[in-house]
Amino acid sequence: MKSVCFYFQVHQPYRVKRYRVFDIGNDNEYFNDRSESSLNNRRIVEKVAQKSYIPATKLLIELLKRHPEMRVSFSFSGVALEQFEHYTPEVIDLFKKLIATGRVEVLGETYYHSLAFFYSRPEFERQVAKHRDTIRRLFGVWPRVFRNTELSYRNDLGEWVDKNGYLGVLTEGWDPILGWKSPNYVYRPKGTQNARLLLKNYRLSDDVAFRFSSRDWSEWPLSAEKFAHWLGIAEGDVVNLFMDYETFGEHQWEDTGIFHFLEKLPEVLAQNPGIDFKTPSEVIGTYDARDEVDMPHTVTWADTDRDLTAWTGNPMQRSALDAIYALEDKVLLANDLKLLEDWRRLQTSDHFYYMCTKWFSDGDVHAYFSPYESPYDAHIAYMNALQDLKLRLDKRSRTP
Amino acid sequence: MLKFLWGCALLYTSVMKLKILMFGWEFPPHNSGGLGVACQGLTRAMAARGLEIVFVMPKKLDVGAPWARFVFADQGNVSVRAVNSPLKPYITGFSYTNALTRVGIYGRDLFAEVMRYAQLGGSIAEEESFDIIYAHDWLSFGAGMEAKKATGKPLIVHVHATEFDRCGGPMGVNPDVYAVERAGMEAADRVIAVSQFTKDVIVKYYGIPASKIYVVHNGVDDTTLPRGGAAGRLRLASLKASGYSVVLFLGRITLQKGPDYFLKTARAVLARNPKVIFLLSGSGDMERQMMDMAASFGISDRVLFTGFLTGQDRNEVYSAADLFIMPSVSEPFGITALEAMKFGTPTLVSKQSGAAEAVKNALKTDFWDVDEMTNQILSVIAHKGLRDTLSENGKHEAARFTWDDAAQKVENVLQGIV
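Right, dumping it as C-alpha cells:
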C-alpha cells in the first residue's frame with residue numbers, strides 16, 4: 005500500500021501600510037490600510053476568500069462526503085484565522101465544518117507565522133502555545149504534528165519537536181540535502197528517538213502548485229488521470245503533497261481548471277487499490293522510519309535556494325530582523341497587550357520576504373508576492389513602524 | 228578561381244564595417260553635461276566595435292578657419308573634425324547672443340548660427356565618404372538633414388533630450404526649437420531614444436510613429452567616469468566625521484533638474500534631522516535663485532553650492548554622499564544616477580526619468596512629492612541596512628550598463644537600414 009498525504013498551508017499576514025516618517029509618534033495603527041491598494045488587508049482577505057478559501061473548502065467538504073476514504077491536513081497561521089474571524093466569518097465556519105468531519109488533521113505552527121525559532125526560542129514557544137490554544141478554541145483539536153514557517157527546518161527543530169511530544173515535523177524534501185534518500189519514506193530527525201520527519205515531494209507538489217497552468221510546460225494540460233498515474237508509479241511508502249491552499253483559485257485561477265482537477269483526483273485515485281489517503285499522523289503511525297536525516301543547516305521550501313536567504317539575504321532584511329527581536333525584553337516588560345500584539349505582528353515572515361532583493365533585478369516570483377512597489381519601500385514602511393513602536397515602548401517604560 | 232574571388236567578395240561585404248558621419252558634441256572634460264559624456268561613451272564603444280566614424284563637432288577655433296581636423300591618439304577609428312562654431316549643448320537664444328564676441332564669422336543669433344552650422348555640415352558631407360549620417364540632439368539635426376540632402380545617405384537622429392524636457396513640460400516650449408526637432412525626427416530614417424520615457428514623449432508630442440523609434444539606454448563605465456580618485460578638496464570627510472550625513476544634487480541648476488524640489492525637501496528633512504548637509508553641485512540659470520531660496524528657508528548653513536565640478540572633485544562628492552538625488556522634472560535618462568550607483572552611493576531618482584525605468588535598485592518618487600522624498604531621505608539616513616543594500620545592489624546593477632551594450636544596440640539599428 006502507498007499513501008497520498010495532502011497538506012495545505014493557509015496564511016495571510018498583516019501587511020504594514022505605507023507608514024511614513026511623519027506618522028511616527030502620531031499613528032499607532034500599522035496595519036489598517038483602507039486604500040484600494042494591495043496593502044489593504046481586509047480587501048486582500050475578502051478577495052482571496054471569494055476566489056479560493058470559500059469555493060475550495062466547499063468543494064473539499066463535498067469531496068469528503070463523496071469519498072469516505074479521503075483525508076487531508078491543514079496548517080493555519082493564527083494571523084490568518086484572526087483576519088477571517090473579523091473580515092470573512094464564513095471562511096471560519098466552513099473550516100469548522102470541514103474539520104468536524106474528523107478526517108482533516110490540523111498541524112501546529114507559530115501563531116504569527118514568524119521566524120522566531122531562529123531568533124528567540126522562548127518567544128517561539130509562546131507563539132506555538134498561542135496557536136495551539138486558538139486551534140483548540142476554534143476547531144476543538146490539538147495539533148500533534150508540527151510545521152515551522154515556510155517549512156523551515158534544521159536538526160534542532162527536530163529535537164524540539166521530539167522533546168515537546170509531537171509525533172513529527174514536516175519539511176522540504178530537497179535532494180541536494182537528501183542525497184540518495186527518497187522523500188517518499190518516513191525518516192527520523194537526527195538525534196531523536198520518537199519524532200518523525202515527513203518530506204515534501206517537491207516535484208509532484210509543484211506540478212500542481214506552480215506548473216499546473218503553465219503552457220510552456222511539456223505536460224500541460226495536467227489531468228487528474230495523468231497525475232494519478234504519476235502518483236501510482238512513484239516508488240516508496242508515501243507521496244507528500246505539500247502546498248499553499250491558495251493554489252486553488254488564487255495562484256491557479258478557476259479558469260485554469262484547478263477545481264475540476266481537485267474534484268476529479270480522489271475519484272481517479274479510488275480506481276487504484278494500491279493507493280490510499282493518509283494524514284501526517286496516520287502516515288507516521290503506519291510506516292516505519294527508514295533512516296535518520298541530518299540537516300544541520302536551515303532548509304525551507306522557498307525558491308531554488310531552499311534556504312532562509314529569501315528572508316535574511318540582504319543587510320536591510322537582517323537589520324530589520326535584528327531590530328524587531330532586540331525589543332523582546334522591553335516589550336514583555338511593558339505589560340501592554342496592544343504593544344505586544346503589534347510587536348508580534350511585525351514578526352510575520354512576509355515582512356522580510358517583501359524586502360528580498362535576491363532576484364529583484366530580474367523580476368520574478370518575489371515581485372508577484374509583494375504588495376509594495378519595491379523591496380526598499382517595504383523596508384522603509386517597516387522600519388518607520390518599528391520606530392513608532394520603540395517610541396511607545398520608551399513612553400511605557402517612563403511611566404511607572 | 229572565379230568562384231574563389233566571388234567568395235572573397237562575399238566575405239568582404241559581410242565583414243565590411245559601416246562608416247558613419249556623426250554630428251556630436253565635445254567630450255569631457257570640455258563638456259557641460261551628460262550629452263558630452265554620452266557622445267564620448269558611445270563613439271568610443273562604436274569605434275571599438277570596428278565602426279569607422281568621422282566625428283564632427285562645433286568648436287570655437289582661435290583661427291578664422293571654418294573648420295579644423297583633429298587627431299586624437301586614443302580614438303582609433305575616429306577622426307574628428309571641428310567646425311568653427313560657438314554652439315554648445317544646452318545653449319539658449321539668450322545665452323548665445325550674450326556670449327557672442329566675434330560677429331562676422333558666426334550667425335547673429337542662435338538660429339542663424341544653427342542654420343550656418345547646418346550648411347557647413349552639408350559641405351563636410353560632400354567631402355567625406357560614409358554610409359550613414361548620425362546626429363545627436365536638435366542643435367545638430369539641421370546639419371544631419373543638410374548632409375542627407377547633399378548625399379542621399381540615411382539619417383539617424385539620437386534624442387538625448389527634447390524641448391519638453393528642457394522646459395519641464397509642454398508649457399513654454401520654444402516653437403522654433405520644436406520645429407527643428409520635429410523636422411529632424413521626421414527626416415530621420417530611424418530615431419534612437421535614450422529611454423522608453425523619451426520614446427513616449429516623441430510619439431506623443433512629435434507625432435513620430437513608434438515603429439521607427441528604438442530605445443537604447445545609456446551606459447556608464449570607467450571610460451566615461453571621472454578619473455583620478457577623490458581629491459578631498461571639498462573637505463567633506465571632516466563634515467562626515469562630525470556626524471553629518473551628506474545628500475547630493477549633481478546636475479545643471481535649471482528648471483528641468485528640479486533643484487527647487489531638492490531645496491524644499493531639504494527644508495523638510497532638516498526640520499526633523501538637522502545633522503544633514505545638502506550639496507548642490509553644478510551651475511545653471513537658477514543658481515542665484517536657489518541661493519536666495521535656501522536663505523529664505525533659513526537653511527543656508529546646511530546647503531553648500533559647489534559650482535560645476537569635474538574630475539576628482541566630482542568623485543569626491545559622489546563617494547562622500549550618503550544619498551544621491553536626481554529630482555528631475557523631466558529627465559530623458561540621467562547618467563548621473565548610474566554614475567552615483569557605480570560609486571556605491573545610494574540613489575533616489577524621480578519617476579519622471581529614464582533612469583527610473585532602467586534601474587531597480589534605486590529609490591523612486593515623483594519629483595513633486597516632497598513628503599515622500601523626505602520620508603525616503605530620512606529613512607536612508609537612519610537605517611544602515613537600507614543604505615548598505617542600496618549600495619551593494621546599486622553598484623552591481625550599474626555595472627551592467629555598458630557603452631558597449633549601447634553601441635551594439637545602435638549598430639543593430641544601423642545594420643537594419645543599409
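From first to last, the protein sequence lines stand for chains A and B. Each residue of the first sequence is one higher than the one before, starting from 5 at the first, in this note's numbering. Each residue of the second sequence is one higher than the one before, starting from 228 at the first, in this note's numbering. The beta-carbon is built from N, C-alpha and C at its ideal position, and this holds for glycine as well.
| said: Buried or exposed, going by whether 16 or more other CB atoms sit within 10 Å of the CB of A:F373? | reply: It is exposed - the Cβ of A:F373 has fewer than 16 other Cβ atoms within 10 Å.
| What are the boundary residues of the alpha helix (DSSP H) that includes A:L395? | Its alpha helix (DSSP H) spans residues P379 to R402.
| field | Any C-beta of chain A under 7 Å from that of B:N500 | value | No, its Cβ sits nowhere closer than 7 Å to a Cβ of chain A.
| said: Starting from B:V407, trace the alpha helix (DSSP H) in both directions and tell me its first and last residue. | reply: Its alpha helix (DSSP H) spans residues P402 to A414.
| Using a Cβ cut-off of 7 Å, which residues of the region 311–330 of chain A contact any Cβ in chain B, in chain order? | Within the region 311–330 of chain A, the qualifying residues are N318, P319, M320, R322, S323 and A324.
| query | So, does the CB of A:V25 fall closer than 7 Å to a CB anywhere in chain B? | reply | Contact with chain B is found for A:V25, since one of that chain's Cβ atoms lies less than 7 Å from the residue's Cβ.
| said: Closest to A:E94 by C-alpha separation, out of A:S56, A:W305 and A:G236, would be which residue? | reply: Minimum Cα distance to A:E94 is reached at A:S56.
| At a Cβ threshold of 7 Å, is B:D615 touching chain A? | So, interface residue.
| task | List the DSSP bridge partners of A:R151. | result | Among the bridge pairs identified by DSSP, A:R151 is matched with A:L174.
| query | If you check the beta carbons only, do B:L506 and B:L531 fall under 7 Å apart? | reply | For the 7 Å CB-CB criterion, B:L506 and B:L531 form a contact.
| So which residues on chain A does B:K611 lean against when the C-beta distance must stay under 7 Å? | Against B:K611, the close residues of chain A are S323, in the order they occur along the chain (beta-carbon pairs closer than 7 Å).
| said: Can you tell me where the beta strand (DSSP E) holding B:M249 begins and where it ends? | reply: Judged by DSSP secondary structure, B:M249 falls within the beta strand (DSSP E) whose first and last residues are K246 to F250.
| field | Collapsed DSSP secondary structure at B:V443 in the structure displayed | value | In the displayed model, B:V443 falls within coil according to three-state DSSP, outside both helix and strand.
| said: Suppose the cutoff is 7 Å on Cβ atoms and the five residues either side in sequence are ignored; what does the same chain contact list for A:L68 look like? | reply: In chain order, M74, T105 and R107 place their CB closer than 7 Å to the CB of A:L68, counting only its own chain and leaving out the 5 sequence neighbours on each side.
| B:R343, buried or exposed, once every other Cβ within 10 Å from all chains shown has been counted against 16 | Under this definition B:R343 is a buried residue.
| request: Could you name the residues of the region 332–362 of chain A whose beta carbon sits closer than 7 Å to any beta carbon of chain B, in the order they occur along the chain? | output: Close to chain B, meaning a Cβ-Cβ distance shorter than 7 Å, are the following residues of the region 332–362 of chain A: T361.
| Among the residues of its own chain, which have a CB less than 6 Å from the CB of B:K569, if the five just before and after it don't count? | In its chain, beyond the 5 residues on either side, V447 and A625 have a beta carbon closer than 6 Å to the beta carbon of B:K569.
| message | To be precise: take each residue of the region 247–281 of chain A, compare its Cβ to all Cβ atoms of chain B, and keep it if any distance is under 9 Å. Which residues remain? | response | Residues are counted here when their Cβ sits less than 9 Å from a Cβ of chain B; for the region 247–281 of chain A the count is zero.
| message | Is there a Cβ of chain B sitting closer than 7 Å to that of A:M387, yes or no? | response | Output row for A:M387: interface = yes.
| Quick one: is B:I280 buried, meaning 16 or more other Cβ sit within 10 Å of its Cβ, or exposed? | The residue in question, B:I280, is buried, as its Cβ has 16 or more Cβ neighbours within 10 Å.
| query | So what does DSSP say about B:L641, is it helix, strand or coil? | reply | In the structure shown, B:L641 adopts helical secondary structure according to DSSP, grouped into three states.
| field | Min CB distance B:Y239 to chain A below 7 Å | value | Its pLDDT being 49, under 50, B:Y239 is placed unreliably by the model, and nothing is read from it.
| message | Please classify B:A300 as buried or exposed, where buried requires at least 16 other C-beta atoms within 10 Å of its C-beta. | response | Because B:A300 carries a pLDDT of 42, less than 50, the predicted location of this residue cannot be relied on, and the following value inherits that uncertainty. The residue in question, B:A300, is exposed, as its Cβ has fewer than 16 Cβ neighbours within 10 Å.
| query | For A:M247, does the count of other Cβ atoms within 10 angstroms reach 16, so buried, or fall short, so exposed? | reply | Classification of A:M247: buried, given that the 10 Å Cβ count is 16 or more.
| request: Given a cut-off of 7 Å, decide if B:K380 and B:I351 are closer than it, judged by their beta-carbon atoms. | output: Against a cut-off of 7 Å, the Cβ pair of B:K380 and B:I351 comes out as no contact.
| request: Could I get the ranges of all uninterrupted beta strand (DSSP E) runs contained in the region 98–156 of chain A, with 3 residues as the minimum, in chain order? | output: Counting whole runs of 3 or more residues, the region 98–156 of chain A contains the beta strand (DSSP E) stretches 108–110 and 149–151.
| In three-state DSSP terms, what is B:Q516? | Look at B:Q516 here: in three-state DSSP terms it is helix.
| query | With which residues is A:Y11 paired in a DSSP beta bridge? | reply | In DSSP, A:Y11 forms a bridge with A:S77 and A:F246.
| said: Assuming contact is defined by CB atoms lying nearer than 7 Å, are A:T283 and A:S217 in contact in what I supplied? | reply: It is not a contact, given that the beta carbons lie outside the stated cut-off.
| query | Out of curiosity, what's the CA-to-CA distance linking B:L237 and B:K244? | reply | Low confidence applies here, because B:L237 scores a pLDDT of 49, under 50, leaving its location unreliable and the question unanswered by this model.
| query | Would a C-beta distance cut-off of 7 Å place B:A480 and B:G511 closer than the cut-off? | reply | A small fix is needed here, since residue 480 of chain B is Ile in this sequence, not Ala. A Cβ-Cβ contact shorter than 7 Å links B:I480 with B:G511.
| request: Would you tell me roughly how many angstroms separate the C-alpha atoms of A:A306 and A:D210, rounded to the nearest one? | output: Distance between the alpha carbons of A:A306 and A:D210 is about 12 Å.
| If we ignore side chains and look at the alpha-carbon of each, how far apart do B:P653 and B:E558 end up? | Examination of residue 653 of chain B is not possible in this model, given that chain B is present from 228 through 645 alone.
| Beta-carbon neighbours of B:Q603, restricted to chain A and to distances below 7 Å | Think of a sphere of 7 Å around the beta carbon of B:Q603: the chain A residues whose beta carbon falls inside it are I384, in chain order.
| Distance, Cα to Cα, A:N45 vs A:Y11? | Roughly 25 Å separates the two Cα atoms.
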